[in-house]
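Participant:
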Amino acid sequence: MSKKGTTKTTTSVDPYAVVEIDPSSPGTIVRVELVLESVLNLFIAYPAISRPHSTPQELYLPEPAGASTPSVETVMLVYWYGISMLALTVPMLLAIPNRLGAVESRRLVYILLAAVEAMWVPTVMFMARSDERIDAEKVIAQQAVPMALFLVFRLWVLFVKPHWLGRYRLRNGSHSKSGKPSTLSLERLQQDLATCAKLQRTPQDPSGHRDRNARYIDGHPPTLIKNATVWTGEPVPGTSAADARAGKGYGWVQADVLLSHGLIKTVGASIRADALADDVVVYEAGGRQLTAGIVDMHSHAGVDELPELRGWDDTNELSADITPFVRSLDGLDPLDPQIQVIKSGGVTTSLVLPGSGNNIGGEAFVVKHAVGRPDGRLEVSAEDMLADPGRSWRYIKMACGENAKRVYGKTGEHGPTSRLGESWEFRHAFEQASRLVKQQDDWCAAAAAGGVEAMDAYLPQDLRWETLGAVLRGQVHVNTHCYTVPDLEAFIDHTNEFQFPIRAFHHAHETYIVPELLKRAWGGRAPAAALFAENMLYKAEAYRGSEQAGKILYENGITPVYVSDNPVLNAQHVVFEAAKAFRYGLPYHAALAGVTTAPAELLGLGERIGKVKAGFDADVVVWDSDPLSVGATPVQVWIDGTAQYEDPYLLNKSRSDPIDSSKPLTRSTEDLDVTEDENVVFTGVRRSLLPGFEQAVEGAGESTNVVITNGKVACVGACDAELQAAAAKKVRTVKLQNGYLSPSFTILGSVLGLSEISAEADTVDGRHGNDVFSRAVDGLVLDNKQLAAAYRHGVTRAISAPVFSGGGARGVSAGFLTSASHPLQEGAVWSDEVSVHYTLTTAAKQGNTPSISSAIGALRSSLLNAAEFNETTAASKYSEQAYLSRVVAGELPLVITVDSADTIASILRVKAEVEEAVNADIRLAIVGGAESHLVAKELAAAGVGVVLAPLLQYAQSWDQRRSLTGAPLTNGTTINALLDAGVTTAIGITESWQARVLALSAATAYANAEGRLGESDALSLISTNVYKLLGLKNADDFVVFEGSPLEIQSRVVAVGSGRGFVSVYN
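Residue numbering for the sequence shown follows this note's numbering, beginning at 123 and increasing consecutively.
#1: For valine 1119, report the span of its beta strand (DSSP E) as first-last.
#2: To test your reading of the DSSP string, which unbroken beta strand (DSSP E) runs of 3 or more residues are found completely within the region 353-392?
#3: Evaluate contact between the region 618-626 and the region 583-594, counting only Cβ atoms and requiring at least three cross-stretch pairs below 8 Å.
#4: Counting C-beta neighbours from all protein chains within 10 Å, is the total for arginine 334 16 or more, i.e. buried, or is it exposed?
#5: Among the candidates Val225, Ala263, Ala1157, whose CA atom is the shortest distance from the CA of serine 866?
#6: Buried or exposed for histidine 616, going by 16 or more other Cβ atoms inside 10 Å?
#7: Using the rule of at least 16 other Cβ atoms within 10 Å of the residue's Cβ for burial, across every protein chain shown, is aspartate 365 buried or exposed?
#8: From alanine 579 to aspartate 564, what distance separates their C-alpha atoms?
#9: Taking just the CA atoms, how far does cysteine 522 sit from proline 325?
#10: Tell me the DSSP secondary structure of tyrosine 684 in three-state form.
#11: Hey, quick one: how far does the beta strand (DSSP E) through serine 864 stretch, first residue to last?
#12: Which same chain residues end up closer than 7 Å to glutamate 844 when comparing Cβ atoms and leaving out the 5 residues on each side of it in sequence?
#13: Consult DSSP for proline 169 and reduce its assignment to one of helix, strand or coil.
#14: Short of 7 Å in beta carbon distance, which residues of its chain neighbour alanine 700, apart from the five on each side in sequence? Order them along the chain.
#15: Since I believe methionine 241 is in contact with leucine 725 (beta carbons under 8 Å), could you give me their beta-carbon distance rounded to a whole number of angstroms?
#16: In the DSSP assignment, find the unbroken alpha helix (DSSP H) run with cysteine 566 in it and report its ends.
#17: With DSSP run on the structure shown, which of helix, strand or coil describes glutamate 588?
#18: Output the residue ranges of the beta strand (DSSP E) runs that lie fully inside the region 911-982 and measure 3 residues or longer, sorted by chain position.
#19: Within its chain, find whatever has a CB closer than 8 Å to the CB of glutamate 1169; leave out the 5 residues flanking it on each side and keep chain order.
#20: Exposed or buried, which one is glycine 1240 when buried takes at least 16 other CB atoms within 10 Å?
#21: Report the three-state DSSP secondary structure of alanine 237 (helix, strand or coil).
#22: Any chance the CB of valine 161 is under 7 Å from a heavy atom of the ligand SAM?
#23: Given a threshold of 16 other Cβ atoms within 10 Å of its Cβ, counted over all protein chains shown, does alanine 170 qualify as buried or as exposed?
#24: Taking DSSP as the reference, what is the three-state secondary structure of valine 838?
#25: Can you tell me whether proline 284 is buried or exposed, with buried defined as 16 or more other CB within 10 angstroms of its CB?
#26: In the DSSP assignment, the alpha helix (DSSP H) including leucine 653 goes from what residue to what residue?
#27: Assign arginine 276 to one of two classes, buried (16 or more other C-beta atoms within 10 Å of its C-beta) or exposed (fewer than that).
#28: Whose CA, out of Gly204, Gly512, Glu239, Tyr338, lies closest to the CA of valine 267?
#29: Just checking my contact of alanine 988 with leucine 1006 at CB under 8 Å: how many whole Å lie between their CB atoms?
#30: Just reading off the alpha helix (DSSP H) that glycine 672 is part of, what are its end residues?
#31: Ignore the nearest five residues each way along the sequence and tell me which others in asparagine 163's own chain have a CB closer than 6 Å to its CB.
#32: Excluding sequence positions up to five away, which residues of its chain have a Cβ less than 6 Å from the Cβ of serine 1085?
#33: Answer with buried or exposed for glutamine 859, where buried requires no fewer than 16 other C-beta atoms within 10 angstroms of its C-beta.
#34: Contact between the region 440-449 and the region 517-536: three or more CB pairs below 8 Å?
#35: So what's cysteine 604 in DSSP terms, helix, strand or just coil?
#36: On the three-state DSSP scale, how would you describe asparagine 1147?
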């Protein structure tokens, strides 16, 4: 669109206006040949067409002529041969005159004649051999051989002597640099020269100074957001770089924000609505926090569509290991429901990358999460979602390490199968691209020096290597999936060998170990690290990850950003990754920058998105609480100045002030020394949430004391006698400022204790199908990093069942202490047999139960048969039927992993049928429960509890497609519906790393429960409710926190192990 008041004039240039036929190369040989051949064609064509029966007799039948007659096929062949000769004569005659355009027409005629001759030579020979009445030797001599000679001549001219066709010259008589007249299209040569300028262009970040956003659509009214608490994303003017990095100059300010023409027009105090356009929309923020839209720099939204179905998956192109030529945009589905879910978490912009199944996955694109008319757009298309319509920068995804050699490499067939092979694949690809770049640069230099008329070849171009060539030219931001030190070092070596910059390493679990290595990358700019907060240990290359990675990197001058890798993590909650980074010690301003300004700058859009500043895109979010607080939820989202929700669901929350970022940063227990004491005294405890001691603090003033004796809570309160006894024994005293005493946490339904590195078979108990039934206690492996991390975060107990192939569990679970060294240690296994587990997700469709209906039927039959089971041998005591008989007798609970509301309904029907048949109640619990809100009343009526695993579900699988994602899209989440119905509810996990944030899951439920939960109720979701579900006695383990366990800035100070001692983190 041109600017108002300007006119763009386009002039069409005739490329032949400046050239003429070169007299020194007028194409005489070819022209003479065409004249002679035209005459010959007419001589042959006339009898072949007019006398197709007699012509073969005259020419090809043996003597005496007429002794026999040719076949019908031969007659027809002769006729059509004549037709083709006559038809070809027309273009031949037209190509003879020497006029402009003749050179091109002669080339086309020669190509056409060569193709026809290549077809007729074998056809004529076949005719000669197949018709016994024909003299084959005559046919070959008179037809096949001459045509073959003509064919050879044409190919010789086309490929060896093209100047015989004739050449052009400038009207002043110039020749090509070879001294030979050129036959190249001048128009294409001029286009190639224009391409040179594009190739040699160095992209610049697009400026924010504009009158209107290029994405703005006419007719959208301006919006004035009143009374907001604004995080601008930059320090106050005059702040030095050193002070800014230390967090000085940043803060929340009270301001109004005016959005107009897709831009932030003004950020200031008391903007008057009556001074603006009549159609201005006024939005009252009421003091709520306002930030720029969240930027997720690693997403597969739209290409790895949810729910995950094979037909919707376009994440990886695995036809080759090196595929720089494919583009995520070509597979991006704007109707992926997850795009809208992600936006509901305040994410306005995402970098949509190809997957990491091969070393070079292809080109990536930055998109905004606004699709179609409901979102203020005029069309539904991937193109319309592009964040920068001008495409100032390009982006590419590469990957090192496990994925490529595991997913793509096949031993004995194709590589890579090792990191050695991966480096060769990278280097070979860059070598090819380098060769193309060199050829292009040489051509462009020659064309610039001597003019395109002097060129005897077109600009070298190769779509296969074009994108990598642009990488080497510095026009593409490289984003590389790399975890380990060897991967990082190898790729940095590649950047130096081939001289290209890298923008960020993604996942980057070991970058915190080698920040100085990152600074060796070519170009003088260290790559950023795009991280998860604590998603780690799931495969070998993620085994050395750290919660403190962001903090350590930032302290060493490396930029940390936080990403979702959606759908690995639900990008709806990517801001929570930044919040957890803050919890683990990253300064507040750097954590919030990790999902706003930092990724915006890394995408080359640092003057367009990521800040609340005049001239920036009008992508802003108003939150119901500080965005780095637990449970923070958008109230409204604007993209390009258009509100995305006409009537959003709002949580009933009391207004809260922003987090006080001036407080000392929280330290991760991973970074602290630990001592084990049997007896400890804690002072400065302000609140006890431990069952049995909840009232002890009431009336005790600002704080109280907690005395631990032999690893158990002995007293909460003044505790005068206990304190005197402790002082006499010189018991250690830990002084707290805002201490909280909490029950410890228990996880039901995870793989803790049975799996260390889930992707490494040697480190897990294993997975089995529906033909095997086992006990978890026989496969427990304790004293590992997963359990140690869980323990440090307050999880002292776990109940795990054998892992079912495809996900879920099947067998008998065991209860154990996460701090134990081995299963035979005293108290390590507190129950060999806790519950009986089955899985009825889509994974159940295997073996002798190929359908959900058959799997449910099999469970019904097994339960009914178990009612009549009698032990006959010692071994039968451990059989599946023996355990089911105890379920039917009410001795053991039945736990079923299931998400679909329909399948849950069938399970409830089976429960009722079996209970009626055996006249006994079955204790049943559901794990997963993504769609359990749809049958909440039925679950409550049946007395069935639910372990939501995880708390915040999203539609990863077909069975989870009706998950409630929460405000502003849905009226609450699943837990709200279950609590309203009176269902006993707990919170679980689906992956072991989630044990670290179990307390924060309870905190999220509490923050967004709208009064349904008190603090103790929230903690019961991860403690006492687990035991209530299973009919077990509560544990008496405990955790001491500095700060409320339901707030982001709290940290674990001590954990009561359940083994007679307390672990204190110093």
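For every residue, glycine included, the Cβ atom is placed at its ideal position computed from N, Cα and C.
Facilitator: In short:
#1: It is not in any beta strand (DSSP E) - valine 1119 carries neither H nor E in the DSSP assignment.
#2: 374-382, 385-390
#3: yes
#4: exposed
#5: Ala1157
#6: buried
#7: exposed
#8: 12 Å
#9: 27 Å
#10: strand
#11: 854-865
#12: Val829, Ala836, Cys837
#13: helix
#14: Tyr684, Ala713, Leu714, Gly716, Val717, Leu750
#15: No, leucine 725 and methionine 241 are not in contact; Cβ-Cβ is about 55 Å, not under 8 Å.
#16: 541-572
#17: helix
#18: 917-922, 936-939, 951-953, 958-961
#19: Ser751, Val752, Ala1125
#20: This structure leaves residue 1240 out entirely; the chain is present only between 123 and 1188.
#21: helix
#22: Because no ligand of any kind appears in the structure shown, any question about the ligand SAM cannot be addressed here.
#23: buried
#24: strand
#25: buried
#26: Not the alpha helix (DSSP H): leucine 653 falls in the beta strand (DSSP E), residues 650-653.
#27: buried
#28: Glu239
#29: 4 Å
#30: 671-677
#31: Met207, Thr211
#32: Ala1052, Gln1075, Tyr1076, Ala1077
#33: exposed
#34: yes
#35: strand
#36: helix
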